[in-house]
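For reference, the structure discussed in these notes is given below.
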Amino acid sequence: MIKKCISGIQKTELRHVRNKSLADMIKNPYPFYLDPIPNLYFQRDPFASIGNGVTLNVMSSATTNRETLFSKYLFDFHPRFIDVARWYNRDKSHPIEGGDI
């Protein structure tokens with residue numbers, strides 16, 4: 020599942036999915052059902068360290084905003100990082116990325 024979250028899901032991978040409505044039958048040339056996460060390698064954007072805490076950032080697009088989920092789960096569940104202070108969280112309404120800080 021993690022690989023698919025990162026690489027995306029192409030329509031050609033799900034040929035067995037049946038159309039359920041007229042809207043589903045309309046041809047759309049876009050190749051993905053789920054877009055790849057393009058900037059996952061640039062970890063300064065999804066979160067940033069400030070002092071003894073982190074900001075889990077709100078990215079400017081829906082696709083790149085998914086990148087912050089991996090950071091959220093890391094800081095929510097990894098025993099080494101679970102108690103790190105959060106100065107900003109991905110559920111806020113204003114976008115901010117690591118390069119902005």
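Under this note's numbering, the first residue of the sequence shown is numbered 20, with each subsequent residue one higher. Cβ coordinates follow ideal geometry from the N, Cα and C atoms, glycine included.
query, result
"Looking at the secondary structure, which residues open and close the beta strand (DSSP E) in which Y49 lies?", "Careful: Y49 lies outside any beta strand (DSSP E) and carries neither H nor E."
"Grab the span of the beta strand (DSSP E) containing S79 for me, first residue to last.", "Note, S79: premise wrong, no beta strand (DSSP E); not H, not E."
"Between the Cα of T31 and the Cα atoms of F100, N47, S90 and D95, which residue gives the shortest distance?", "N47"
"How many Å lie between I28 and M20 at the Cα?", "10 Å"
"What separation, rounded to the nearest whole angstrom, lies between the Cα atoms of L93 and I101?", "8 Å"
"Would you call A67 buried or exposed, if buried means 16 or more other Cβ atoms sit within 10 Å of its Cβ?", "buried"
"Would you mind giving the Cβ-Cβ distance between N71 and Y107, rounded to the nearest angstrom? I have them listed as a contact below 8 Å.", "With 8 Å as the limit, N71 and Y107 do not qualify as a contact, their Cβ atoms being about 14 Å apart."
"If you draw a straight line from the C-alpha of S112 to the C-alpha of M78, how long is it?", "10 Å"
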